[in-house]
Amino acid sequence: MNADYEKQLEAGISRELKRLPELAAPDSLVTRIMSVLDRRSRSPWYQRSWQTWPPALRWTSFAVLLALFAGFCVAGSEMAHSRTSQLAMRRMEEHLSGLATIGNTLEALAGSGVLVLKKFGASFLISCSVALALGCSLCLAAGTIYLRLAFAKHEKAL
Amino acid sequence: MTNAQQFEAFLRNYQNMVFSTAMRLLANQTEAEDVTQEVFLKAYQYFDRICASPTAAGWLKTVATNLSLNHLTRYRSRWSFFSELSLSGRDESRELEFPANENVEEEMDKAERCALVERALQALPAPQRVPLVLFHFEELSYDEIAEKLGVSLGKVKTDIFRGREALRRKLRLKLGSGEP
């Protein structure tokens, strides 16, 4: 790209664009915006966004939320050390022990599957997949033939 | 004067500026109107602070630009992809129709010329129009545009050059030592 040409081009386009006046907004725009604002101002404070709530309500709600948060934090730390919570934790552990057994079983099954794969290799897997696909195709074919025959008989009977 | 009346006066004063900014970036009247409405609804929230501020116009322009760019962001991945693919020669297919007169510039009066430039600008594809508008109207530097659009500096320069070239062809600008 020629630098002189670029400069001339920039200046020429700039001159053309700088001459442009502002575009006139549609006449309906003011009415539209004012009606939205009017509708918003008529709606009750609790339906508006938090930033537009009256300042007193904003501060009050902020304080309430802060107090709730602090309360939850204190209650959480108290509960963690109480005897009831420790009992509850123990019960939870008992319930979860069942899940741990299931997990162990699945892990053992997966391990045995991996061992089988290692033993027989990839060719065994491929032949199994082919056999499975063939079986499915046979089932589909048999089902289709059976349906055709069944409907043919039904049509003859009619 | 009530607050609503004050705001209406403020709105009437700046609506064309905000609408122009949005319209030139978006090149779509409905979307530009929506963005203008959004800008003034935001302005209403801070009206106490900005009504008497000398930087109100700048604030409105910045918000209008940012909201328009946010609007375009939804389509940016698409348009930047097409921009990378597009060749400079392809813009000719979208060229405006002109009377077959070489001295068309001299014959046209100012209003017609402005309308023509405006149409040519809005007919540019977004990847060329947006950086061009940001450079010439918002007076942002290449670096600032690249940062704002989240694209490389090289791409901004190329897109602006292609946009200018397309405009030059559409407007039949003559470049040289004299007047274009």
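So the sequences go chain by chain: A and B. Just so we're aligned, residue 1 is where the first sequence starts under the working numbering, counting upward by one. Just so we're aligned, residue 159 is where the second sequence starts under the working numbering, counting upward by one. Beta carbons are placed, not taken as given, at the ideal position from N, Cα and C, and that holds for glycine.
Classify residue i: buried if its beta carbon has 16 or more other beta carbons within 10 angstroms, exposed otherwise.
i, result
"T316(B)", "buried"
"E250(B)", "Below a pLDDT of 50, predicted positions are generally treated as unreliable, and E250(B), at 41, falls in that range; no measurement from the model is reported."
"H294(B)", "buried"
"P55(A)", "exposed"
"F191(A)", "A question about residue 191(A) goes unanswered here, because the residues of chain A that appear run from 1 up to 158."
"R232(B)", "exposed"
"I102(A)", "exposed"
"M181(B)", "buried"
"V130(A)", "exposed"
"P212(B)", "exposed"
On the three-state DSSP scale, how would you describe residue i?
i, result
"R19(A)", "coil"
"V309(B)", "coil"
"E107(A)", "helix"
"K332(B)", "coil"
"A167(B)", "helix"
"P212(B)", "coil"
"S178(B)", "helix"
"L254(B)", "Note that L254(B) scores 45 on pLDDT, short of 50, meaning its location in the model is unreliable; the coordinates nonetheless yield the value given after this. Of the three classes helix, strand and coil, the one that applies to L254(B) here is coil, per DSSP."
"D38(A)", "helix"
"A25(A)", "coil"
"T160(B)", "coil"
"L9(A)", "helix"
"G143(A)", "helix"
On the DSSP letters alone, give me the boundaries of the alpha helix (DSSP H) that residue i sits inside.
i, result
"Q47(A)", "Premise fails: Q47(A) is in no alpha helix (DSSP H) and is neither H nor E."
"T188(B)", "187-203"
"C272(B)", "268-281"
"S61(A)", "55-81"
"P285(B)", "284-294"
Taking residue i and residue j to be in contact with their CB atoms under 8 angstroms, please state how far apart those CB atoms are, rounded to whole angstroms.
i, j, result
"G12(A)", "L279(B)", "Not really, about 14 angstroms apart at Cβ, beyond 8 angstroms."
"R322(B)", "L9(A)", "5 angstroms"
"A222(B)", "V197(B)", "5 angstroms"
"T194(B)", "F177(B)", "5 angstroms"
"L329(B)", "V275(B)", "6 angstroms"
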